[in-house]
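Enquirer:
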Amino acid sequence: MENDNSLTAEALIYAYTSGVFPMAEADGTIYWYRPDPRAIIPIDTYKPSKSLKPILNRGQFEIRIDTSFETVMRACAAPRAYEQETWISEELIQAYVDLHAMGFAHSVEVYEQGDLVGGLYGVHIGSVFFGESMFMKVSNASKVAFHYLIEILRFNDFGLLDTQFINDNVQRYGAIEIKRTAYEKLLSKGLLRASEFKLPAK
């Protein structure tokens, strides 16, 4: 479904609660997607890899949430060595920044010596988190961001982590595919209950 020129924060909320999400083409045209099957990551079954555990214990990184949302999103939109095109257009950035201002979008940020070196962002409605994109500037920073996302979702009793499409990146975190009908049942259940988005107490 092509863009109807109504990409607002309110339109995004309606779309996500209906199981639909937008992506932009290289020319800026926005299309709406409702894939079948749908990719999710079971929140309770994620385990950090053996190689990640010492990195988490090292204290190399500082984790923050929601202090640099737009910066994280623009970093996710930047061209990468293996992927020059981006599905995150300027129009999408502005709409999600508005959504963030309303409290429905969040960023998990990874800092090293005060510099933002990795992170991710997504949409949060009810007890559902819709993961959108992640980036890293130093090794393992995006893995650390995802690990702390799971910590946040578990601590705040989220019911669903939606990753939209299956790919190699989300599969390494435990993503699976389920039928759209099953996804929509999980979505409906998750929308009935409100969860906060905050880091676990240290």
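In this note's numbering, the protein residues as written are 53 to 254.
We put the CB at the ideal spot given by N, CA and C, even for glycine.
As the structure is a prediction and not an experimental result, all values here were calculated from the model.
Alpha carbon to alpha carbon, how far is HIS176 from THR60? Give it in angstroms, no decimals.
Expert: 16 Å
Enquirer: Starting from ALA234, follow the alpha helix (DSSP H) in both directions and report where the run begins and ends.
Expert: Element bounds for ALA234: 232 to 243.
Enquirer: So for ILE117, helix, strand or coil by DSSP?
Expert: Note: ILE117 maps to strand in three-state DSSP.
Enquirer: Considering just the uninterrupted stretch of the beta strand (DSSP E) at ASP214, what are its terminal residues?
Expert: 212 to 216
Enquirer: Under 8 Å by Cβ, that's how I've got ILE115 and CYS128 pegged, so tell me the actual separation to the nearest angstrom.
Expert: That belief does not hold up - the Cβ atoms of ILE115 and CYS128 are roughly 17 Å apart, past 8 Å.
Enquirer: Which of the three DSSP states, helix, strand or coil, is assigned to ILE228?
Expert: strand
Enquirer: Taking 7 Å as the threshold (C-beta atoms), are ALA91 and ILE202 in contact?
Expert: no
Enquirer: Just the Cα atoms here: how many angstroms apart are LYS250 and PRO131?
Expert: 30 Å
Enquirer: Under 6 Å Cβ to Cβ from GLY183, same chain only, skipping five residues before and after it: list those, please.
Expert: Result list for GLY183: GLY174, THR215, in chain order.
Enquirer: Where does ASP56 sit, in a helix, a strand or coil, going by DSSP?
Expert: Low per-residue confidence applies at ASP56: pLDDT is 49, beneath 50, and the placement is therefore not dependable, though the value from the model is reported in the following sentence. Coil at ASP56, not helix or strand.
Enquirer: Once you ignore the five residues that flank PRO100 on each side, which residues in its own chain have a CB closer than 6 Å to its CB?
Expert: HIS199
Enquirer: Assign MET186 to buried or exposed, taking buried as 16 or more other Cβ atoms, counted over all protein chains shown, within 10 Å of its Cβ.
Expert: buried
Enquirer: Rounding to the nearest angstrom, what Cα-Cα distance links ILE107 and VAL196 in this structure?
Expert: 8 Å
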